[in-house]
Amino acid sequence: MPSTKTGLPTPSAYKHVDNDGNRVVPPPSASAGPSASQPTTKKRGRPPRAPSPTPRSVWESMAAPRYVPFLCEWAGCKAELQNIGTLRRHLRKVHTREGGGGVVPACRWAGCGGGGGGKEEEEETLKFERVCELDEHVDRKHLLPFVWFVGDGVRNDKLVIGPGRDREKEKEEVPAYLLGADGAQVTPWVRDQQVEDFATFKANRRRLKAILLQRDANAPSIVDEEEHA
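Following my numbering, the numbering of the sequence shown begins with -4 at its first residue and continues without gaps.
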């Protein structure tokens, strides 16, 4: 590089020139940076987030429900019921009502006192004058202790409204602020709203985006409207 004062080449200009005056490219220095042969280490960032599970995988990962069978321990009966209410109705309909026709009602529940004793003990412990006394004995001595340990059991007696059944009653339960002037429901009710998971939300959003793009593509352009006008 020539000097700004004299116009002659400075000493630094002769560092990259050989004896014949040809320019020589200097070799790269070690401090200039990593060479091409040395691999560059990429900065480690945050790992990607695990994808949201699908509803199918969540349902398959759920443990199967376990139901406690309510066994009827009446002599000679092997019935298994789903809750205490069904077991109680089974006992009153099948077993405790069989004492009609002059037969004295008797408790034949397994392990009940007097079941394996003599005739006097059996008459004093198992026999009852009325069926209501037998029902009270079975409920207090045999069913109630069982409920204390396992509960009432599952219930499936929820009323399901079918087509054309109790529609007027269902309509009356809707708040008045959700109904229009003619009495029809015009505003959705969040009572029966289902909460969607993240995977379903993303799928619905993509579907809505595709519908909007298709709508914009099929919409008439301004040029077409001017031509028809």
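Using N, Cα and C, we set each Cβ at its ideal position, and we do this for glycine too.
When DSSP states are grouped into helix, strand and coil, residue 54 belongs to the helix group. In the DSSP assignment, residue 197 falls within the alpha helix (DSSP H) that extends over 193 to 213. When beta bridges are read from the DSSP output, residue 75 appears opposite 66. In the DSSP assignment, residue 102 falls outside any alpha helix (DSSP H), carrying neither H nor E. One Cα belongs to residue 184, the other to residue 215, and the distance between them is close to 36 Å.
Check the Cα spacing between residue 48 and each of 207, 149, 191, 205: the tightest is with 191. Residue environment: residue 53 is assigned as exposed (fewer than 16 neighbouring CB atoms within 10 Å of its CB, all protein chains considered). For residue 143, the enclosing alpha helix (DSSP H) begins and ends at 139 to 145.
Secondary structure at residue 41: coil, using DSSP grouped into helix, strand and coil. No residue range can be given for residue 107, since it is assigned to no alpha helix (DSSP H) and is classified by DSSP as neither H nor E.
When 149, 105, 176, 87 are compared, the shortest CA-CA separation from residue 61 is found for 149. Exclusion of the five residues before and after residue 74 leaves 67, 85 as the residues of its chain whose Cβ lies within less than 7 Å of its Cβ.
According to the DSSP secondary-structure assignment, residue 180 is paired through a beta bridge with 174. The beta-bridge partner set that DSSP reports for residue 148 consists of 78. Rounded to the nearest angstrom, the gap between the Cα atoms of residue 174 and residue 147 is 39 Å.
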